[in-house]
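Q:
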Amino acid sequence: MSPRAGIDASSVLQKAAEMIDRDGYDALTIGQLAKELSIKPPSIYNHVGSLTELKQALALYGSAKLYEQMMDAAVGLSGDKAVYALGNAYVEFARKQPGLYEAAFRAPDLDAPDLKETQGKVVRLVVKVMTVYNLDEETTLHMVRGLRSMLHGFTSIEQSGGFGLPLHLNESFHVMMETFLAGLHVKSATMR
Numbered sequence: 001m002s003p004r005a006g007i008d009a010s011s012v013l014q015k016a017a018e019m020i021d022r023d024g025y026d027a028l029t030i031g032q033l034a035k036e037l038s039i040k041p042p043s044i045y046n047h048v049g050s051l052t053e054l055k056q057a058l059a060l061y062g063s064a065k066l067y068e069q070m071m072d073a074a075v076g077l078s079g080d081k082a083v084y085a086l087g088n089a090y091v092e093f094a095r096k097q098p099g100l101y102e103a104a105f106r107a108p109d110l111d112a113p114d115l116k117e118t119q120g121k122v123v124r125l126v127v128k129v130m131t132v133y134n135l136d137e138e139t140t141l142h143m144v145r146g147l148r149s150m151l152h153g154f155t156s157i158e159q160s161g162g163f164g165l166p167l168h169l170n171e172s173f174h175v176m177m178e179t180f181l182a183g184l185h186v187k188s189a190t191m192r
């Protein structure tokens, strides 16, 4: 069976990303994807080898998009403003593309070299932004890990509807980031 005109691997990936953002990561099936593309399910296999392969591609795509959004947010900034911008970009990505965000962390093969490289770019970006705090390498990595844990925890709780108190989420995010930055300054001062 030859591929249908106008449909290629990229359009299949884009439609799958749209679907998981709308319906959730676990709702993605080859049958539903084919229906959305107005093709028969076997035709999907002209473009991807399997649902597992598609989910791997979505993980890579989601990680790359997260990196791009964070990089764009930090351009021209440094210090606290850059760290805050990175955090805000992370949370906004998860809000706007919740399925793609989830896909980035649920890859069938988390050890795939291309995925590790792309996810490593996010870490290296945050490490680079934190160089102005003059922390040693190990402490910097601990701070990066702490920031990621806070951001992932915040977005996970938000996505699951776990913030039940009548407080504005953006204000909670602001307080969280300000507290992290204050701690970062304390840590930086102890390293001098």
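Mind the numbering: the sequence shown is residues 1 to 192 in full-length UniProt numbering, read in order. Note that the Cβ used here is the ideal one computed from N, Cα and C, for glycine as well. Keep in mind the model is a prediction, meaning the values are calculated, not measured.
For Leu125, which residues from the same chain have a beta carbon less than 8 angstroms from its beta carbon, with the 5 sequence-adjacent residues on both sides left out?
A: Tyr67, Met70, Met71, Ala74, Leu86
Q: Return the first residue and the last residue of the alpha helix (DSSP H) that Ser160 is part of.
A: Note, Ser160: premise wrong, no alpha helix (DSSP H); not H, not E.
Q: Between which residues of its own chain and Thr155 is the CB-CB distance below 6 angstroms, once the five residues before and five after are set aside?
A: Val91, Ala94
Q: Count the other CB atoms within 10 Å of the CB of Ser11; is the residue buried (16 or more) or exposed (fewer)?
A: exposed
Q: Residue range of the alpha helix (DSSP H) that Arg106 falls in?
A: No alpha helix (DSSP H) contains Arg106, which DSSP labels as neither H nor E.
Q: What residue does the alpha helix (DSSP H) around Gly76 start on, and which one ends it?
A: No alpha helix (DSSP H) holds Gly76; DSSP gives it neither H nor E.
Q: State yes or no: is the C-beta of Leu181 within less than 8 angstroms of the C-beta of Tyr84?
A: yes
Q: Would you kindly work out how many angstroms separate the C-alpha atoms of Asp80 and Phe163, rounded to a whole number?
A: 26 angstroms
Q: Please look up how many angstroms separate the CB atoms of Ile44 and Leu33, rounded, as I've assumed it's under 8 angstroms.
A: 6 angstroms
Q: Reducing DSSP to helix, strand and coil, say where Tyr45 ends up.
A: In the structure shown, Tyr45 adopts coil according to DSSP, grouped into three states.
Q: Are Thr51 and Lys15 closer than 8 angstroms when you measure CB to CB?
A: According to the sequence displayed, residue 51 carries Leu and not Thr. In this structure, Lys15 does not lie closer than 8 angstroms to Leu51 by Cβ.
Q: Quick check: Met130 and Lys187, are their CB atoms within less than 8 angstroms of each other?
A: no
Q: Where do the ends of the alpha helix (DSSP H) carrying Asp23 lie?
A: 9-23
Q: For Ser38, name the three-state secondary structure that DSSP assigns.
A: Three-state result, Ser38: coil.
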